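*Asks:*
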Amino acid sequence: MKTNWSAFVPRQPKIALGLLAALLTTTGSLRAGDLFTLSATSGLTTVNTGANNVVDLIQRAVDRTGPFAGLGNITSGSLTYGGVANAIQYFSPAQGQATIIIPSTGLNKSFTTTAALTDFLKTDGSAEVAKFLKAMAAQSLVTITDGNPGASTARSASDSYQNYGMTFAETKEEKDANKPNTDRVGFGIIADVGRFDANGIRGEVYSLPLFARFKLTDRVGLNLDLPLNYTKIEGANAFGVGLGVGLPIKVIPRAKDSPWYWQLTPFGGANATGSKDMAAGGLLADGGMNSLLAYDFGKFTLSMGNHFSLHEGIPITVAGYKFDPGVSQQILKNGLKLDVPLGNRWIVDVYAVHTKFLTAAAVDQYVTVGGEIGYRLLGKADAPNKKGGYLKLGLYADVGENYTSAHAQFGSGWKF
13 MKTNWSAFVP
23 RQPKIALGLL
33 AALLTTTGSL
43 RAGDLFTLSA
53 TSGLTTVNTG
63 ANNVVDLIQR
73 AVDRTGPFAG
83 LGNITSGSLT
93 YGGVANAIQY
103 FSPAQGQATI
113 IIPSTGLNKS
123 FTTTAALTDF
133 LKTDGSAEVA
143 KFLKAMAAQS
153 LVTITDGNPG
163 ASTARSASDS
173 YQNYGMTFAE
183 TKEEKDANKP
193 NTDRVGFGII
203 ADVGRFDANG
213 IRGEVYSLPL
223 FARFKLTDRV
233 GLNLDLPLNY
243 TKIEGANAFG
253 VGLGVGLPIK
263 VIPRAKDSPW
273 YWQLTPFGGA
283 NATGSKDMAA
293 GGLLADGGMN
303 SLLAYDFGKF
313 TLSMGNHFSL
323 HEGIPITVAG
333 YKFDPGVSQQ
343 ILKNGLKLDV
353 PLGNRWIVDV
363 YAVHTKFLTA
373 AAVDQYVTVG
383 GEIGYRLLGK
393 ADAPNKKGGY
403 LKLGLYADVG
413 ENYTSAHAQF
423 GSGWKF
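For reference, each letter of the sequence shown is one residue, going 13 to 428 in the numbering used here.
1) So what does DSSP say about GLN174, is it helix, strand or coil?
2) Here's a check: name, in chain order, each residue in its chain whose Cβ is nearer than 7 Å to the Cβ of LYS143, leaving out the five neighbours to either side.
3) Grab me the residues of THR183's own chain with a C-beta within less than 6 Å of its C-beta, minus the 5 sequence neighbours each way, in chain order.
4) Would you mind working out which of GLN109, ASN120, ALA139, VAL141 sits nearest ALA127, comparing C-alpha positions?
5) Just reading off the beta strand (DSSP E) that VAL430 is part of, what are its end residues?
6) Quick one: what's got a C-beta closer than 6 Å to LYS227's C-beta in the same chain, skipping five residues either side?
7) Using 8 Å as the threshold, is the segment 201 to 214 in touch with the segment 287 to 294, meaning 3 or more CB pairs across them?
8) Measure how close the beta-carbons of VAL365 and ASN160 come, nearest whole angstrom, since I'm counting them as under 8 Å.
9) Can you check whether the CB of THR61 is closer than 8 Å to the CB of LEU47?
10) Taking only three categories from DSSP, how would you classify PRO353?
11) Determine, using beta carbons only, whether LEU255 and LEU240 come nearer to each other than 8 Å.
12) So which of PHE199, THR155, ALA203 has the shortest CA-CA distance to GLY215?
13) How about ASP171 and PRO221: do their beta carbons lie closer than 8 Å?
14) Looking at the strands, I want to know which residues DSSP matches up with GLY299.
15) DSSP state of ILE385, grouped into three classes?
16) Relative to the C-alpha of GLY412, which residue among GLN377, VAL381, ALA169, THR87 is closest?
17) Quick one, which of ASP336, SER152, GLY382 has its alpha-carbon nearest ALA372's?
18) For SER424, does the three-state DSSP call read helix, strand or coil?
19) For the beta strand (DSSP E) that SER104 lies in, which residues bound it at each end?
20) Enumerate in chain order the residues of its own chain whose CB-to-CB distance from GLY310 is below 6 Å, with the five nearest sequence positions on each side excluded.
21) Considering only the beta carbon of each residue, do SER54 and ASN98 sit closer than 8 Å?
22) Quick check: the Cα distance between VAL217 and PRO105, rounded to an integer number of angstroms?
23) Quick one: using the 10 Å Cβ neighbour count with 16 as the cut-off for buried, is ILE260 buried or exposed?
24) In the DSSP output, which residue or residues are listed as bridge partners for THR446?
25) VAL257 and GLN275: beta carbons closer than 8 Å?
26) Report yes if the CB atom of ALA166 is closer than 8 Å to the CB atom of SER321, and no otherwise.
27) Would you check if the distance between the CB atom of VAL67 and the CB atom of PHE80 is smaller than 8 Å?
28) Between LYS427 and PHE199, what straight-line distance do the alpha-carbon atoms span, to the nearest angstrom?
29) In whole angstroms, give me the CA-to-CA distance for LEU129 and GLY137.
Written out as structure tokens, the structure is:
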């Protein structure tokens, strides 16, 4: 999936007015669930309108078309961004002229021409946009880069935790066979679909993580992950793609004469996320460490996962405009998981994970609870190794302040 970064570059000076400035006026109607609303007062007339595409909304305001037609001197106006009221304030004595005020960043600047704003966006304005997006991540429940369970940083951390902090336990057949694990390569795919409610703003999430596993030595592996994501927030669309690399190290490997298992996994990666509708997105890099400690009680296995990750925005420049997602985040995850073999080839598990954002976030912490059922395909108990595949079906939910989501996962993995 290729992210079209040029879609975020103002195509004309009027659209350049858009991101920093809900510059000109408003008229129209508000609908429940609008991600963005624009208000404007001109004389005795006050106009309010909403939309799920901030660029189109501001384009109409700049052109003074549709609900904005006929407005003259705007003495006051404001933009609500993703549920954050008065995210941007402005007044505009005439078309193309405006004073922009962003309370969260302290910006208070006047522009007399569209060219002046265009120049500003190419110089100091990029830093102001980054500060604005960072401020929105700390206040809005639906930003796509950071600050909530559906944001890019949280997804990246969750993917790493699921890969390295929640290892799939062995079935009864595998335990009884006690054959050496001689497979060198594994591949798989797990689809994830879900819905969320963020204080009345609703959306849908679709993820398709692809993965490959390579055995380097008996204790060290190399894992590659390619997550593909699509999110629909009310009527706005957001897309994401990433690449993750992990190096799982078995500090204490599984053994017949020991119930303990301990794995440490340093990991790193990068991902791109973007939404033309929300005029937001960017490139992010991440890295960190996962620990998985498990104890096999015989009839069940209890494991503890611990995760720490760093997430940083990567500035890019397109057509003279510098884009910085304004992300500098750290995330902690800690959880417990219980695996219970059923029959010879079935296994079920339940888990709970606590996630904490260490820098400012709209949802600063949340809990994930879920369960899975898996079935081992192919392979024989008396085979010389443990080659074969798995099918998995799982359900989980994220619960935080003013934020809830429910997800279903299904997929398979194969070892060769």
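Where is the CB? At the ideal position from N, CA and C, for every residue including glycine.
Note that the structure is a prediction, hence the values are computed from the model and not measured.
*Replies:* The relevant details are as follows:
1) helix
2) THR117, GLY338
3) PRO353, ARG357, ILE359, ARG388
4) GLN109
5) It is not possible to answer for residue 430, since the shown part of the chain is limited to 13 through 428.
6) ARG196, GLY233
7) no
8) In fact, because the Cβ distance is near 16 Å, the residues do not count as touching under 8 Å.
9) no
10) strand
11) no
12) THR155
13) yes
14) GLY280, LEU322
15) strand
16) GLN377
17) SER152
18) strand
19) 96 to 104
20) none
21) no
22) 42 Å
23) This sequence places Pro at residue 260; Ile is not what is there. So PRO260 counts as buried.
24) Summary: the structure shown does not reach residue 446, with the chain confined to residues 13 through 428, and so no result is reported for it.
25) no
26) no
27) no
28) 7 Å
29) 8 Å
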